[in-house]
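> For reference, each letter of the sequence shown is one residue, going 1 to 285 in this note's numbering. Even glycine gets a Cβ: it sits at the ideal position worked out from N, Cα and C. The structure's right below; bear with me while I get my questions together.
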Amino acid sequence: MYKNLGEMLRGAQALNYTVGAFNAHNLEMVPAMITAAKDAGAPIIIQTSVGTAEYVGMKNFVAICRSMADDLLVDVGLHLDHAKSFDAIKSAIDAGYSSVMFDGSALSLRENMERAQRVVDYAHARQVSVECEIGTIGGTEEGVTIAEGKYTDPAQALTFLENVDVDALAVGIGTHHGQFKSKTKLNWPLIEMLHARISTPMVIHGGTGVDEDDYHRLTNNGFRKFNVGTELLVNWTRVAKEMFGKTEVNSSLRNNILPCNTTVYNIVRHKSELFMNVENQSVVS
Ligand code: 13P
Numbered sequence: 001m002y003k004n005l006g007e008m009l010r011g012a013q014a015l016n017y018t019v020g021a022f023n024a025h026n027l028e029m030v031p032a033m034i035t036a037a038k039d040a041g042a043p044i045i046i047q048t049s050v051g052t053a054e055y056v057g058m059k060n061f062v063a064i065c066r067s068m069a070d071d072l073l074v075d076v077g078l079h080l081d082h083a084k085s086f087d088a089i090k091s092a093i094d095a096g097y098s099s100v101m102f103d104g105s106a107l108s109l110r111e112n113m114e115r116a117q118r119v120v121d122y123a124h125a126r127q128v129s130v131e132c133e134i135g136t137i138g139g140t141e142e143g144v145t146i147a148e149g150k151y152t153d154p155a156q157a158l159t160f161l162e163n164v165d166v167d168a169l170a171v172g173i174g175t176h177h178g179q180f181k182s183k184t185k186l187n188w189p190l191i192e193m194l195h196a197r198i199s200t201p202m203v204i205h206g207g208t209g210v211d212e213d214d215y216h217r218l219t220n221n222g223f224r225k226f227n228v229g230t231e232l233l234v235n236w237t238r239v240a241k242e243m244f245g246k247t248e249v250n251s252s253l254r255n256n257i258l259p260c261n262t263t264v265y266n267i268v269r270h271k272s273e274l275f276m277n278v279e280n281q282s283v284v285s
């Protein structure tokens, strides 16, 4: 079924798993991603930046996610990632996205809350879910670099959640966007403190840099949405370079692109299996 984030994360919370939210960088990747989740027995969130959404067309993303969710009988959500402008968010909601992120992390707490509330009012009236962010996630995304992340202050997170009825909260715990050459050192004391105080599902950003050995512990600490983008981008591009470098110019494009999509399939399938947290399901601490 095509679902919103709230519905998907309630299921994850009840059984203690996390939902993979994979950034699609073009339309070609999407069937491979959804098929991989289906084969892993997992739900999936396809997420797009505002730039990718505009490049492909928001309604095109909605159409493919809806039709594949129906045809394959798999739970699929479509989420707008890191949107800062109300206009972009409104366009995605009006086009049929099932979930949006309002990223007010660079604003004061007060302004973040005020602008988030406007998004929540518009989205919830249309059964669309909302993710917000407290603290900042550093690193590079879509070529834009925020060098330093800022850890989430638990008191600020609580104030935010008391005032704004969001479906998921992205928190700064030491991850970085775009980290594909090394692994992140997570701030476990902060993670455990946030888990003890926050019941709203939390979101991992910068998932490419997270060591797979840490996935289960993060899931057991209340992270219900797990974003992975750069690993797909880097590997799709790496295989594309190899393929385009060696095929004839009049060879079907399919011959170049299918191996890229297979690489994405393998990554999404492997991670989706880990995200189901099978050995710890229903042991919510
Ligand atoms: P990575 O690209 O570092 O995996 O992060 C994805 C993300 O958090 C998207 O918001």
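Counting only the same chain and skipping the five closest in sequence on each side, list residues whose C-beta sits under 7 angstroms from that of Val120.
Mapped onto the sequence shown, residue 120 falls at position 120. Excluding positions up to five away in sequence, the list reads Val130, Val164, Asp165 and Val166.
> Should Gly229 be counted as a contact of the ligand 13P given a C-beta to heavy atom distance under 7 angstroms?
Taking the sequence shown and counting its residues from 1, the one referred to as residue 229 is at position 229. For the ligand 13P, at least one heavy atom lies less than 7 angstroms from the Cβ of Gly229.
> Quick one: grab the DSSP three-state call for Asn229.
Here residue 229 is taken as the residue at index 229 of the sequence shown, counted from 1. Residue identity check: residue 229 is Gly in the sequence provided, not Asn. Gly229: coil per DSSP, three-state reduction.
> Do Ala168 and Leu5 have their C-beta atoms within less than 8 angstroms of each other?
Counted from its first residue, the sequence shown places residue 168 at position 168. Counted from its first residue, the sequence shown places residue 5 at position 5. Going by C-beta atoms, Ala168 is nearer than 8 angstroms to Leu5.
> Considering only their Cβ atoms, is the gap separating Tyr265 from Ala32 smaller than 8 angstroms?
Position 32 of the sequence shown holds residue 32. Position 265 of the sequence shown holds residue 265. Contact: yes.
> Is the closest heavy atom of the ligand 13P to the C-beta of Asn23 under 7 angstroms?
The sequence position of residue 23 within the sequence shown is 23, counting from 1. Flag set: Cβ of Asn23 near the ligand 13P.
> Please classify Val231: is it buried, with 16 or more other beta-carbons within 10 angstroms of its beta-carbon, or exposed?
Numbered from 1 along the sequence shown, position 231 holds the residue referred to as residue 231. Just to set this straight, residue 231 is Glu in the shown sequence, not Val. Classification of Glu231: buried, given that the 10 Å Cβ count is 16 or more.
> Among all the DSSP beta bridges, which residues are the ones paired with Asn23?
As a working note, residue 23 is residue 23 in the sequence shown. Beta-bridge pairing links Asn23 to Gln47.
> Does the ligand 13P have even one heavy atom less than 7 angstroms from the beta-carbon of Asp214?
The residue you call residue 214 lines up with position 214 of the sequence shown. The answer is no for Asp214.
> Go through the stretch 131-180 residue by residue and report every complete run of the alpha helix (DSSP H) that reaches 4 residues or more, in order.
Whole alpha helix (DSSP H) segments, 4+ residues: 154-163.
> As an exercise, report each continuous beta strand (DSSP E) stretch of at least 3 residues that is fully enclosed by the stretch 61-119, in chain order.
Runs of the beta strand (DSSP E) inside the stretch 61-119: 76-83 and 99-102.
> Are the beta-carbon atoms belonging to Thr175 and Gly206 less than 8 angstroms from one another?
Start at 1 with the first residue of the sequence shown, and residue 175 comes out as number 175. Start at 1 with the first residue of the sequence shown, and residue 206 comes out as number 206. The answer is yes: Cβ separation under 8 angstroms.
> Count the other CB atoms within 10 Å of the CB of Thr184; is the residue buried (16 or more) or exposed (fewer)?
Your numbering for residue 184 matches position 184 in the sequence shown. Its Cβ being crowded by 16 or more others within 10 Å, Thr184 is buried.
> Tell me whether Thr52 counts as near the ligand 13P, meaning its Cβ is closer than 7 angstroms to at least one heavy atom of that ligand.
On the sequence shown, position 52 is the one that residue 52 refers to. Result no, Cβ not under 7 angstroms from the ligand 13P.
> Given Thr159, which residues of its chain have a CB within under 7 angstroms of its CB, disregarding the five upstream and five downstream residues?
Counting from 1 along the sequence shown, the entry for residue 159 is found at position 159. Within the same chain, Thr159 has close Cβ partners Leu109.
> Given Ala116, which residues of its chain have a CB within under 8 angstroms of its CB, disregarding the five upstream and five downstream residues?
For the purposes of this step, residue 116 is taken as residue 116 along the sequence shown, with counting starting at 1. The residues are Phe102, Gly104, Val130, Cys132, Phe160, Val164 and Val166.
> State the start and end residues of the unbroken beta strand (DSSP E) segment that holds Ile198.
Along the sequence shown, one-based indexing puts residue 198 at 198. Where Ile198 is concerned, there is no enclosing beta strand (DSSP E), given that its DSSP letter is neither H nor E.
> Can you look up Arg224 in the DSSP assignment and give me helix, strand or coil?
Taking the sequence shown and counting its residues from 1, one reaches residue 224 at position 224. Strand, per DSSP.
> Considering only their Cβ atoms, is the gap separating Met202 from Leu190 smaller than 8 angstroms?
For this step, residue 190 is matched to residue 190 along the sequence shown. For this step, residue 202 is matched to residue 202 along the sequence shown. Cβ distance not < 8 angstroms, so Leu190 and Met202 don't count as in contact.
> Rounded C-beta distance between Val228 and Phe22? I'm assuming under 8 angstroms.
Here residue 228 corresponds to residue number 228 of the sequence shown, with the count starting at 1. Here residue 22 corresponds to residue number 22 of the sequence shown, with the count starting at 1. Indeed they touch by this definition, with Cβ atoms about 5 angstroms apart.
> State buried or exposed for Ala226, treating a residue as buried only when at least 16 other CB atoms are found within 10 Å of its CB.
On the sequence shown, position 226 is the one that residue 226 refers to. Correcting the residue identity first, residue 226 is Phe in this sequence and not Ala. Looking at its Cβ environment, which holds 16 or more other Cβ atoms inside 10 Å, Phe226 is buried.
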